[in-house]
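First up is the structure itself, then whatever we jot down about it.
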Amino acid sequence: MADTAPLPRPQGGPITSQLHRREPDYLAGLNPEQRDAVLTTEGPLLVLAGAGTGKTRVLTTRIAHMLNQRLAWGSQILAVTFTNKAASEMKKRIHEQVPSLDGLPWMGTFHSISARILRQHAELVDLKPTFTILDTDDQIRLIKQLLEAENIDEKRWPARQFAGMLDAWKNRGLLPKDVPAADSGYFANGKGGKLYYDYQARLKVLNAADFGDLLLECIRLFRENPEVLAEYHRKFKYMLVDEYQDSNTAQYLWLRLLAQGKPASEANICVVGDDDQSIYGWRGAEVDNILRFESDFPGAKVIKLERNYRSTANILKAASTVIAFNEGRLGKTLFTDVADAGEPISFTQVYDSEEEARLVGEEIEQYQRQGESLNSMAILVRASFQMRELEERFITLGLNYRVVGGPRFYERKEIRDALAYLRLVAQPADDLAFERIINVPKRGLGDSTVNMLTATARHQQVPLLSATRLMVETEDLKPKQRTTLRNLVAQFDNWAHRAESLPPYQLVEQILEESGYMDMLAADKSVESQGRKENLKELSRAMEEFETLGGFLEHISLVMDRDNADASDAVTIMTLHSAKGLEFNTVFLTGWEDGTFPSQRSMDESGRAGLEEERRLAYVGITRGRKRVRISAAQNRRIHGLWQSAIPSRFIDELPPDAVEVTDRGSAYGGYGYGGGAASRFNKADPFESVYETPGWQRARANQANRRGSGPLTIEGDLVARSVDLGNQSSSYALGDRVFHLKFGYGEIMSIEGNKLTIDFEKAGTKKVLESFISKG
DNA sequence: CCCCTGTTCGTTTTT
DNA sequence: CGAACAGGGG
1 MADTAPLPRP QGGPITSQLH RREPDYLAGL NPEQRDAVLT TEGPLLVLAG
51 AGTGKTRVLT TRIAHMLNQR LAWGSQILAV TFTNKAASEM KKRIHEQVPS
101 LDGLPWMGTF HSISARILRQ HAELVDLKPT FTILDTDDQI RLIKQLLEAE
151 NIDEKRWPAR QFAGMLDAWK NRGLLPKDVP AADSGYFANG KGGKLYYDYQ
201 ARLKVLNAAD FGDLLLECIR LFRENPEVLA EYHRKFKYML VDEYQDSNTA
251 QYLWLRLLAQ GKPASEANIC VVGDDDQSIY GWRGAEVDNI LRFESDFPGA
301 KVIKLERNYR STANILKAAS TVIAFNEGRL GKTLFTDVAD AGEPISFTQV
351 YDSEEEARLV GEEIEQYQRQ GESLNSMAIL VRASFQMREL EERFITLGLN
401 YRVVGGPRFY ERKEIRDALA YLRLVAQPAD DLAFERIINV PKRGLGDSTV
451 NMLTATARHQ QVPLLSATRL MVETEDLKPK QRTTLRNLVA QFDNWAHRAE
501 SLPPYQLVEQ ILEESGYMDM LAADKSVESQ GRKENLKELS RAMEEFETLG
551 GFLEHISLVM DRDNADASDA VTIMTLHSAK GLEFNTVFLT GWEDGTFPSQ
601 RSMDESGRAG LEEERRLAYV GITRGRKRVR ISAAQNRRIH GLWQSAIPSR
651 FIDELPPDAV EVTDRGSAYG GYGYGGGAAS RFNKADPFES VYETPGWQRA
701 RANQANRRGS GPLTIEGDLV ARSVDLGNQS SSYALGDRVF HLKFGYGEIM
751 SIEGNKLTID FEKAGTKKVL ESFISKG
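In full-length UniProt numbering, the protein residues as written are 1 to 777.
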């Protein structure tokens with residue numbers, strides 16, 4: 001292996017450059033702190049990188065520097081991230097900066113790197129190298145089975161809750177024997193601890209690991225097998241960790257073990273992060289890890305990156321002032337050299353959340369008229385229930401938007417079904433996959449048949465597929481089921497055989513066809529079936545780049561996100577959490593009301609720590625803006641169906657007054673002023689001015705008028721106008737499409753006559769409406 | 001076995 | 001108020 005071979009000295013070019021004291025090109029343009037962070041390769045290093053201070057550039061340049069100076073082979077560098085997105089971004093940049101690589105650095109998420117290590121030493125943690133990685137779905141089903149076996153009432157003790165506890169334990173690095181009695185005793189009247197043991201035992205039988213296990217079993221591997229750990233100590237000369245503030249205890253232990261090859265004060269470990277952007281405490285992240293780094297690694301060098309290249313001075317001032325209210329920070333203050341402070345932050349209080357949506361819509365259109373692209377604008381909300389009103393408003397306006405988040409591609413039912421087939425082909429012992437597809441499509445194999453198979457599997461201690469093989473040779477099954485199962489087993493054997501020679505993307509197509517899955521979708525007249533077929537095509541396309549089935553399955557279980565390659569110009573709507581790491585010229589921060597943001601629940605559950613995390617979220621939100629940040633709050637918002645009034649977020653009071661401009665859409669209803677009514681002077685002359693006269697509303701009306709022509713609003717008149725407008729163009733809707741209507745809500749198209757559509761609305765029943773009144777749902 | 005109805009519950013999300 | 005889910009009935 002190249003890892004241990006002596007490193008050649010840098011080639012001619014760099015040496016000459018050094019003699020002339022010319023720095024390598026890649027250092028050009030870095031500020032002194034960034035340069036320091038790149039060049040300090042030896043010993044522990046903590047880089048505190050504030051928002052927009054060029055963190056990613058430092059990380060990648062640092063790796064490029066190591067490779068360029070031949071400090072290490074590529075494969076001796078370990079770079080860890082939290083998300084696949086960050087990992088692939090890093091890979092891309094390294095490839096750009098270092099065209100010829102001697103061995104690829106290990107770049108990936110904690111989980112993918114752990115999986116890679118575990119596959120090499122699987123036997124040492126009672127797994128086979130081909131072990132399956134379970135997703136949340138499988139996990140829940142497995143837990144349900146255990147609950148049933150233990151006679152635990154699933155209503156009283158939901159599987160999801162236990163999954164959450166398991167996750168929390170694993171995040172804390174706790175094996176079943178390590179769980180404190182108080183913790184394990186809580187669930188199902190003391191059965192929690194036993195369930196954890198049972199769960200782990202079951203995973204071993206299934207030859208499977210869940211996400212938490214990837215880390216936990218890796219830790220166990222290192223602890224119980226010092227010689228294996230030593231191997232990695234020799235291997236990894238340099239370690240880098242991105243977003244260190246997001247690391248949880250298990251990840252921390254994992255890193256500590258890997259860094260133990262040298263005394264702590266000499267470990268070449270570089271962690272990059274920002275304690276002010278730690279927003280994942282609720283899922284186990286320990287800000288403490290970053291706060292403690294200097295004592296964990298004595299003599300660690302600390303470099304602060306505070307020079308911001310993203311936002312205006314006003315934005316930075318606002319963010320810095322708010323975050324300064326937190327205690328227990330390492331302390332950084334962002335600054336910029338740009339003289340112009342830029343627009344002040346705006347804060348607007350409106351009457352209710354509907355008006356907030358109108359306001360945002362209007363402002364977006366205004367900026368758009370000024371030549372800003374929709375892509376450069378984003379609305380960041382605390383929770384996704386806030387998105388709906390925005391979306392509805394934008395539909396009315398005909399404003400193109402994109403929602404980030406939501407259900408992911410690989411979590412869709414049809415994709416999971418297809419994956420289950422593939423898993424079972426690759427891994428005949430994958431019982432969870434077996435159970436998932438045994439009767440999908442319907443084969444007349446109901447609960448009773450499955451129960452018989454399960455019983456045999458238990459008895460014989462074999463996987464379900466093997467149990468099925470045995471059962472079809474006996475007289476225990478009804479003839480019909482026996483034939484069906486015999487054929488199914490034969491099919492799987494056949495597919496497994498083909499998997500050896502056929503590219504995975506062709507295999508999946510054949511499986512879906514031969515299993516009857518495609519026929520099932522074809523027979524399905526529901527709205528979704530067409531989309532499902534397309535998703536499956538997309539799956540096959542995504543598989544084209546994989547040569548082996550195993551390679552694809554590994555990728556899929558670790559990379560659950562789909563890359564949105566949406567080229568159209570659209571405003572982004574997303575949560576503050578998913579906005580971390582992104583930037584936009586204009587950022588709208590809506591719903592800044594106490595209770596919504598900061599979230600009441602956070603404060604109730606986690607007290608002061610909760611509030612501080614919310615404040616960091618505010619900091620993240622504000623620092624997403626390059627040119628302008630527009631904050632709003634509603635006096636009234638509908639929560640759980642009822643209207644509730646609220647006062648502006650306490651974070652509003654924490655904003656620096658001289659960087660903020662308060663405007664008020666004077667409401668006729670009085671309500672709460674800002675800062676004791678200081679904003680009242682901004683009230684409009686006529687407090688009763690109708691909101692329906694706002695530019696946005698007028699435009700919405702104009703849009704609708706354009707779409708339907710200027711004829712009378714009768715069916716007939718409209719029909720004529722439409723047919724003229726559209727010429728020969730046919731309806732852009734199809735039977736079964738899910739659509740949205742302003743008054744009637746969501747519905748499904750039952751029939752189409754010209755532009756007259758019969759729609760079955762979920763709420764309002766079946767109505768005939770004009771195409772121009774609906775939009776795609 | 002599927003559909004319908006009643007019930008429950010109501011941040012944030014990755015791997 | 002409305003989505004999601006479980007359980008019962010047809």
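C-beta atoms are modelled at their ideal positions from N, C-alpha and C, and glycine is treated no differently.
Note that this is a predicted model, so its numbers are computed, not measured.
Query	Result
Buried or exposed by the 16-neighbour rule on C-beta atoms within 10 Å, applied to T61	buried
Closest by C-alpha distance to D137, when choosing among Y410, M66 and A313	Y410
Inter-stretch contact at 8 Å, needing at least 3 Cβ pairs: the segment 46 to 57 / the segment 324 to 340	yes
Cβ neighbours of H577 in the same chain (closer than 7 Å, five flanking residues each side left out)	I279
P637 and T596 closer than 8 Å at C-beta	Rather than Pro, the amino acid found at residue 637 in this sequence is Arg. Their beta carbons are under 8 Å apart, which means R637 touches T596 by this criterion.
Anticipated Cβ contact below 8 Å, L134 with D210, distance rounded	5 Å
W73: first and last residue of the uninterrupted alpha helix (DSSP H) it sits in	First-last for W73: undefined, no H or E at that position.
Residues near L521 in its chain [Cβ-Cβ closer than 6 Å; skip 5 each side]	S529, R532 and K533
Three-way DSSP call (helix, strand, coil) for G273 in this model	strand
Where S667 falls, given that 16 or more other Cβ within 10 Å makes a residue buried	Since pLDDT at S667 reaches only 47, below the 50 mark, its modelled position is unreliable, and no value is offered.
Per-residue burial, W106 [other beta carbons within 10 Å of its own, 16 or more giving buried]	buried
Whole-angstrom distance between E96 and K194, CA atom to CA atom	51 Å
Three or more C-beta pairs below 8 Å linking the segment 314 to 327 and the segment 297 to 304	no
Where the beta strand (DSSP E) through R626 begins and ends	G625 to I639
P441 (DSSP reduced to helix, strand or coil)	coil
Spatially closest choice to A383 from I395, L146, Y26 and E593, by CA coordinates	E593
Beta-carbon gap between W169 and C218 smaller than 8 Å	no
The segment 197 to 211 / the segment 427 to 438 touching (three or more Cβ pairs under 8 Å)	yes
Minimum C-alpha distance to F82 - residue among V272, E154 and V662	V272
G371 beta carbon less than 8 Å from that of L399	no
Integer-rounded CB distance, given that Q481 should sit under 8 Å from L445	6 Å
Contact under 8 Å by Cβ, I315 with I345	yes
Neighbourhood of L582 by C-beta, 7 Å cutoff - its chain only, sequence neighbours within 5 removed	R624
First through last residue of the beta strand (DSSP E) which encompasses A49	L45 to A49
Helix, strand or coil at L582 [DSSP, three-state]	coil
Between the CA atoms of W495 and R119 - distance to the nearest angstrom	24 Å
Per-residue DSSP class, three states only, for S599	strand
For P648, the nearest candidate out of V660, S632, I639 and D658 (CA to CA)	S632
Local Cβ density within 10 Å of E572, reported as buried at 16 or more and exposed below that	The sequence given here has Thr at residue 572, not Glu. Under this definition T572 is a buried residue.
Host beta strand (DSSP E) of K304 (start-end)	K301 to L305
Segment contact, 8 Å Cβ cut-off, at least three pairs: the segment 300 to 308 with the segment 32 to 43	yes
Beta bridge counterpart(s) of residue 778 as assigned by DSSP	Examination of residue 778 is not possible in this model, given that the chain is present from 1 through 777 alone.
Cα-Cα separation between E605 and M165, rounded to whole angstroms	16 Å
6 Å Cβ shell around W643 - same chain, five flanking residues per side excluded	N636
D138 - containing alpha helix (DSSP H), residue span	T136 to A149
The segment 504 to 517 contacting the segment 535 to 554, beta-carbon criterion three pairs below 8 Å	yes
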